[in-house]
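Structure record follows, encoded as structure tokens.
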Ligand code: E4P
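In our numbering, the protein residues as written are 57 to 273.
Rendered as structure tokens:
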């Protein structure tokens, strides 16, 4: 399972990269705005800065919603760096654009996916990644994990190569459950990765070992 971090914060990306388990980064316009990144030039530079920190794929989202606009914006993003994956919303024009990008060898991440039917369409269009937003489904009392399970089944039935990128991960249990269900990738906040480290028996066990080790000196 690949681990992506879902942030545009360079310090958090560096911290996750330093742990040695980071495979990529996802961003979205809200995460960029949260970091105060505005203006086309600064946004493009910020994507480059992220690519220079991590080795893996970096999703950069288009904001156009018409086919020509998505293609123009996505082509510009893809030219920035070979790690860039063009993130395209699950709308009709987006599906057409994903098909276009696929034909040009440009990697895509189909975002804002909330149903198995949408995931099927994304795979048919050749998306590199599909991003089901499980946390946002949980927020409206719908089982987000069930969607991951459905997509896994459908993709396996037809051997689709589109990778399931479990998105809108909110906590460590989401990560573990997505791993059990066979999601190819998860993207979440730094806390969802850091949380995997923690167990009270590890802490108390280490404290006891260190206490006992004092007698060695
Ligand atoms: C996915 O790529 C999105 O950036 C993200 O996971 C959305 O998460 P949220 O629902 O916590 O905003």
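Yeah, the Cβ is synthetic: ideal placement off N, Cα and C, and Gly gets one too.
- Within the region 66–103, the runs of alpha helix (DSSP H) at least 4 residues long that lie entirely inside it are, in chain order, 66–75, 85–90.
- For residue 255, the number of other beta carbons within 10 angstroms of its own is below 16, and it is reported as exposed.
- Taking the Cβ atoms as the reference, residue 210 lies roughly 14 Å from residue 181, outside the contact range of under 8 Å.
- Taking 4 residues as the minimum length, the alpha helix (DSSP H) runs contained wholly in the region 153–181 are 172–180, in order along the chain.
- In this structure, 119 is the residue among 119, 112, 183 with its C-alpha nearest to the C-alpha of residue 89.
- Residue 177 counts as buried, since no fewer than 16 other beta carbons sit within 10 angstroms of its beta carbon.
- The closest CA to that of residue 173, considering only 105, 143, 204, 160, is found on 204.
- Of the candidates 130, 245, 189, 170, the residue whose Cα lies closest to the Cα of residue 160 is 130.
- Residue 158 and residue 165 have their alpha carbons spaced roughly 11 Å apart.
- Rounded to the nearest whole angstrom, the CA to CA distance from residue 70 to residue 109 is 6 Å.
- Residue burial annotation: residue 227 is exposed, with fewer than 16 other C-beta atoms found within 10 angstroms of its C-beta.
- One Cα belongs to residue 66, the other to residue 168, and the distance between them is close to 24 Å.
- Taking residue 133 as the centre and dropping the five residues before and after it, the same chain places the C-beta of 116, 140, 142 closer than 6 Å to its C-beta, in chain order.
- From the listed residues 273, 200, 253, the smallest Cα separation to residue 237 is found for 200.
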